[in-house]
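Written below as structure tokens is the structure these notes are about.
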Amino acid sequence: MLKRMGRVCRKALLGSSRGATLVEVVIAVVVLGLITASVAPVLVLITKSQFSWSEQRIAESLTRNQIEYIKVASYIPGNETLPQYAEVPRPDTYDIVVVAQPIDPVTKLPLASGQDEGIQEITVSIYHVDRLVLQTKNYKVDRLDVLAL
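Last residue of the sequence shown: 152 in my numbering, with the numbers rising by one and none dropped.
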């Protein structure tokens, strides 16, 4: 009896067709959908982290170049307005903002407008598509002023 029932079930499930049944196709599609749904977020995360890493690397390179450029440039005293140092070449989607603020060498606080004691705090900000990516601070010293001391 069990053998006969097994044959009947097998025949009903497999039939005489050589192709896949509708149930098998639906199950295969569902399984593939689940696999895709579980892998897709991982791929998106990898892509975003790769973009972020690349963006950070470009920002660090731009910052380093800008600071080196300012170091070799002549000291621009900030007597009337904040001194303006030229920007290095950059990719189109990146912006560089350089702020040179004269500071007191002892207290390291910003000086009032019109004063400059030979030291400036340089802040280099790198923006990518109007979003701040990296901000770095450094100092620029008037070498002639330091030698006079």
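All residues carry an ideal CB built from backbone N, CA and C; glycine is no exception.
{"Query": "Quick one: which unbroken alpha helix (DSSP H) runs of 4-plus residues sit fully inside the segment 26 to 54? Chain order, please.", "Result": "none"}
{"Query": "How big is the Cα-Cα spacing for proline 158 and glutamine 53?", "Result": "Because the chain in this structure spans residues 4 to 152, residue 158 falls outside the shown range and cannot be described."}
{"Query": "In whole angstroms, what is the alpha-carbon distance linking glutamine 138 and isoleucine 38?", "Result": "41 Å"}
{"Query": "For a minimum of 3 consecutive residues, which ranges assigned as the beta strand (DSSP E) are wholly contained in the segment 108 to 135?", "Result": "122 to 131"}
{"Query": "Note down the Cα distance separating proline 44 from serine 55, rounded to an integer number of angstroms.", "Result": "16 Å"}
{"Query": "What is the residue span of the beta strand (DSSP E) that valine 101 lies within?", "Result": "97 to 105"}
{"Query": "Give the single residue among Arg67, Gly81, Ser57 whose Cα lies nearest to the Cα of valine 127.", "Result": "Arg67"}
{"Query": "Pick out whichever of Thr24, Ala76, Val100 has its Cα sitting closest to the Cα of leucine 135.", "Result": "Val100"}
{"Query": "On the CB-based measure, 16 or more other CB atoms within 10 Å of its CB, does alanine 103 come out buried or exposed?", "Result": "buried"}
{"Query": "In angstroms with no decimal places, state the Cα-to-Cα distance between alanine 40 and leucine 65.", "Result": "39 Å"}
{"Query": "Drop a sphere of 10 angstroms on the beta-carbon of lysine 111, count the other beta-carbons inside from all chains shown, and report buried for 16 or more, exposed for fewer.", "Result": "exposed"}
{"Query": "Secondary structure at tyrosine 142, three-state DSSP: helix, strand or coil?", "Result": "strand"}
{"Query": "Cutting at 7 Å between CB atoms, please list the residues of its own chain near alanine 76, excluding the five before and the five after it.", "Result": "Tyr88"}
{"Query": "Count the other C-beta atoms from every protein chain shown that fall within 10 angstroms of the C-beta of alanine 62, then say buried if there are 16 or more, exposed otherwise.", "Result": "buried"}
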